[in-house]
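Residue numbers (my numbering), protein chains in the order written: chain D, 1 to 540; chain S, 541 to 971.
Below is one structure, written out as structure tokens, with a few remarks after it.
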């Protein structure tokens, strides 16, 4: 457990072209319980130049300033926490919360972002006004994610010309960029297709809107230059063109957004962030383990984006991701690394989604497992089986008997006919996983009783324990069908309605024929008419 | 020419409450009716309240403060404890989870057609629509909850918002206190001289005219459903234009504002302080704040209540101490805001609380049984003398809508109906 220690956060490496007088201001607040008030240090190029006792709070922070001169060259600015203390078992600690670090030079300097907006330099251009016109129209094209018509370009330039009269050329540029960032074309993705109608009331999305839909699906961000070029050339109108782009985009580092955007929701790593296992019951669950579980689930998903294996293999893989901390928790040989690495796994090794720490912990209560929540997770996340809500006047939870197991308590619960309807579905699905405790550690007893791992899936038969559940899910066709539906919803960015059903079923059927891999599923979704068209609303 | 109060104070560090000088009072204050200067704060708490520790057994002026209510004890003379209110709209639907019904219709008393986002205008928005306040922000919606699991059979918005501008128009709360602070105070007064500021405001008008006209062009090319969606955009642009083109007369010093990325209890604290700041600086007079979302499963380890909130409301006697600790902590937060409203003065030297109605509003009665028939909210503040405080009022099954009719009338709105069940003002509330 950490005692008095020092933490440091590097905030910036600044490159000053010439000697500069600067003011460094740090917005910070802190708190302490049972230990001294937090101190904060400012370190420039490895030398501590100032310390403060931070008596302000995070909700009402203070600015701590320091003036100095930075010589020409590179400088590293670090904020340190020299007297940090954290002893959770005794609930004494101090914290330092840093809001921002500002390095303000006393003279005007060119900020690093200027070159992104100033695509030419007006002061050096033969026709400064033409240069400014270029600047504002280029910015608008990027903000709107497509080229401008002649009329649109004129209107943008006219706005700049109106503003420059009172505000000056450069402030007018700044105001135009602000205009574009509140414009409807930036905030919304609106397809304005050509008048020639499509087939069956499905109107093709215009090339640039399709490009945006593709980039926001795979990258959660705007298209890059290559994707814009593909839109410009009409390549996105062909299946091959789309396939090529999907392949390219999936290996681009920006595809990490699929992990953070989709996998984090599907595999419950987002929910894990707010899970709070009771330190009295699970003292060995700490932030390092939490982080490892999050990383594991997301890296695991990412592997399946590229490995071409069927989705069912997620339950029966020959590999996994562990670091030393997670390996300890899973009782696997430690890989000798604090970062997660891919390791081969087989046979009785702990592996696959059915035994993955993130969702098992996220669905648990703070002091125990929750088979009902786990059952609900399996039904909703993996099988897309929805469960109706509890009836009105739900009675108080049955008092857990002294020393009884969760299974026994829940069985009492299901004797009530009003509850049994749903709980006969939910409870057995989760009860088979009782061998994994509230932080997903393997156990053989509960309150002194040996664990009974009997469980059952709705319309799926019985299973006993996580390994049998994994086998059942590996072969269950509902799993890839459900994942299809969830990724489809994520891709088109809205809830599925009746008209989507045939598209989803078509994709799932095609997927079954094409090998059931996650990569193939992504491609099939992008190629589906649902992704490339919109319902026509008729003439208005 | 308006004289800035800050300039008059000459940069003095602390805020000094000056007697109101005719010269300094903004002209609009003269033309505002009395009722318009009253304030509404709805302070929402989820998952019901445990009746044994929240509802005093007594009726009338001599009433006690059970444990979870005790943080409000020092405000006894300023408050009304209500119980026995019937939440009709939450009982009108089946096939939808009780938390979606309880939270989603708690402030609008709207009937609930299963599944779809329907809803209707909530009491706070009805107040705004009727009074047309001239403050920079007609109303603000804030919350400290982070979205977690949603309830069955309903859109997630039903547990994550209580203010509705109309049918299909829920107002999602801002959940980042830094963003809420910046919305009010960042970028105000761009320009260092009055001339620069005026010039900048004129530039903003040009900018917003441009985006408006361009959006109309876009709208003309869209289908019917999308056109409707874009109307929401036009409303936002209009409201933005009103805000940034009015000269800003800040009669308070907002300070640095909270740090971004705070933990949960710090976020609640930050919002508590922002509520006071918003009222004190007269940025708005209508605020709804959700201390957490409906169906909240939040753990509160900082008060030794690690169990998920929703789980412990359905726990047995073993979980009760945690639940009471949690509800007490939430009452402490509400009490902190109420106390600060009492000690903070507006720009006429009157305590904010005198002209405020603060409604501490749970989404249901007993959380363990999802009881919609017996709600127990607490009203703090006399609302400009309209409310008869210092009493525990048993409402005997009166409809929740009647409470809102009474509150609307207390604010000077001429109405006798609200929502699906409000038909008259709740008896016993008025002074």
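We put the CB at the ideal spot given by N, CA and C, even for glycine.
>> If I follow the unbroken beta strand (DSSP E) through residue 504 of chain D, where does it start and stop?
In response: No beta strand (DSSP E) contains residue 504 of chain D, which is instead part of the alpha helix (DSSP H) from 500 to 513.
> If we cut at 9 Å on Cβ distances, does residue 626 of chain S have a partner in chain D?
Replying inline: Not a single C-beta of chain D is nearer than 9 Å to the C-beta of residue 626 of chain S.
> How would you list, in chain order, the residues of chain D whose beta-carbon sits under 7 Å from the beta-carbon of residue 799 of chain S?
Replying inline: 27, 29, 58, 61, 97, 99
>> My parser needs the beta strand (DSSP E) runs of 3 or more residues fully inside the stretch 788 to 874 of chain S; what are they?
In response: 826 to 830
> Under three-state DSSP, which class holds residue 1012 of chain S?
Replying inline: Residue 1012 of chain S lies beyond the range of chain S shown here (541 to 971); nothing can be said about it.
>> Using 8 Å as the cut-off, can you tell me whether the stretch 299 to 309 of chain D makes contact with the stretch 323 to 330 of chain D, which would need three or more C-beta pairs spanning the two stretches below that distance?
In response: no
>> Can you give me the C-alpha to C-alpha distance between residue 136 of chain D and residue 778 of chain S, rounded to a whole angstrom?
In response: 25 Å
> Is the CB of residue 176 of chain D under 9 Å away from at least one CB in chain S?
Replying inline: yes
> According to DSSP, what are the bridge partners of residue 446 of chain D?
Replying inline: Residue 446 of chain D is bridged by DSSP to D:449.
> CB-CB under 6 Å to residue 544 of chain S, same chain, minus the five flanking residues each way: which ones, in chain order?
Replying inline: Any reading at residue 544 of chain S must be qualified, since the residue scores a pLDDT of 33, below 50, and its modelled position is unreliable; the value itself is stated next. None.
> Along chain S, which residues have their Cβ under 8 Å away from the Cβ of residue 159 of chain D?
Replying inline: 746, 747, 750
> Once you ignore the five residues that flank residue 72 of chain D on each side, which residues in its own chain have a CB closer than 7 Å to its CB?
Replying inline: 16, 17, 18, 19
> Out of curiosity, what's the CA-to-CA distance linking residue 914 of chain S and residue 662 of chain S?
Replying inline: 20 Å
>> If I measure Cβ to Cβ from residue 568 of chain S and keep anything under 7 Å in the same chain, skipping five residues before and after, which residues do I get?
In response: Annotation note: pLDDT 41 at residue 568 of chain S (below 50); position unreliable, coordinate value reported separately. Hits under 7 Å: 674.
> Counting pairs of Cβ atoms below 8 Å between the stretch 809 to 823 of chain S and the stretch 711 to 729 of chain S, do you hit three or more?
Replying inline: yes
> Under a three-way DSSP split, which group does residue 934 of chain S fall into?
Replying inline: strand
> Candidates D:133, D:139, D:91: which alpha carbon is nearest residue 114 of chain D's?
Replying inline: D:139
>> I need the DSSP call for residue 951 of chain S, collapsed to helix, strand or coil.
In response: coil
> Where do the ends of the beta strand (DSSP E) carrying residue 63 of chain D lie?
Replying inline: 62 to 70
> So which of S:830, S:797, S:577 has the shortest CA-CA distance to residue 682 of chain S?
Replying inline: S:830
> Where does the unbroken beta strand (DSSP E) through residue 344 of chain D begin, and where does it stop?
Replying inline: 341 to 344
> Does any C-beta atom of chain S lie closer than 9 Å to the C-beta of residue 490 of chain D?
Replying inline: No, its Cβ sits nowhere closer than 9 Å to a Cβ of chain S.
> Taking 9 Å as the CB-CB limit, is residue 382 of chain D close to chain S?
Replying inline: no
> In chain S, which residues lie less than 7 Å from residue 501 of chain D when you measure between Cβ atoms?
Replying inline: Neighbours of residue 501 of chain D on chain S: none; closest Cβ ~16 Å, over 7 Å.
> Between the stretch 242 to 254 of chain D and the stretch 217 to 234 of chain D, are three or more C-beta pairs nearer than 8 Å?
Replying inline: yes
>> So the candidates are D:425, D:164, D:68; which of them puts its Cα closest to the Cα of residue 460 of chain D?
In response: D:425
> Does residue 166 of chain D get closer than 9 Å to chain S when you measure Cβ to Cβ?
Replying inline: yes
>> I need the DSSP call for residue 20 of chain D, collapsed to helix, strand or coil.
In response: strand
> What is the DSSP secondary structure of residue 601 of chain S, counted as helix, strand or coil?
Replying inline: coil
>> For chain D, check one thing: does any of its Cβ atoms lie closer than 9 Å to the Cβ of residue 724 of chain S?
In response: no
>> Quick check on the DSSP output: the beta strand (DSSP E) that includes residue 94 of chain D runs from which residue to which?
In response: Its beta strand (DSSP E) spans residues 92 to 105.
> Rounded C-beta distance between residue 702 of chain S and residue 632 of chain S? I'm assuming under 8 Å.
Replying inline: Not quite, the Cβ-Cβ distance comes to about 18 Å (not below 8 Å), so this is no contact.
> What residue range is occupied by the uninterrupted beta strand (DSSP E) comprising residue 80 of chain D?
Replying inline: 73 to 84
> Would residue 199 of chain D count as contacting chain S if we go by Cβ distances under 9 Å?
Replying inline: Confidence at residue 199 of chain D is low in this model, with a pLDDT of 49, below 50, so its placement is unreliable and no value can be given for it.
> Can you give the Cα-Cα distance for residue 516 of chain D and residue 475 of chain D, rounded to whole angstroms?
Replying inline: 11 Å
>> Less than 9 Å between the beta carbons of residue 207 of chain D and residue 232 of chain D, yes or no?
In response: yes
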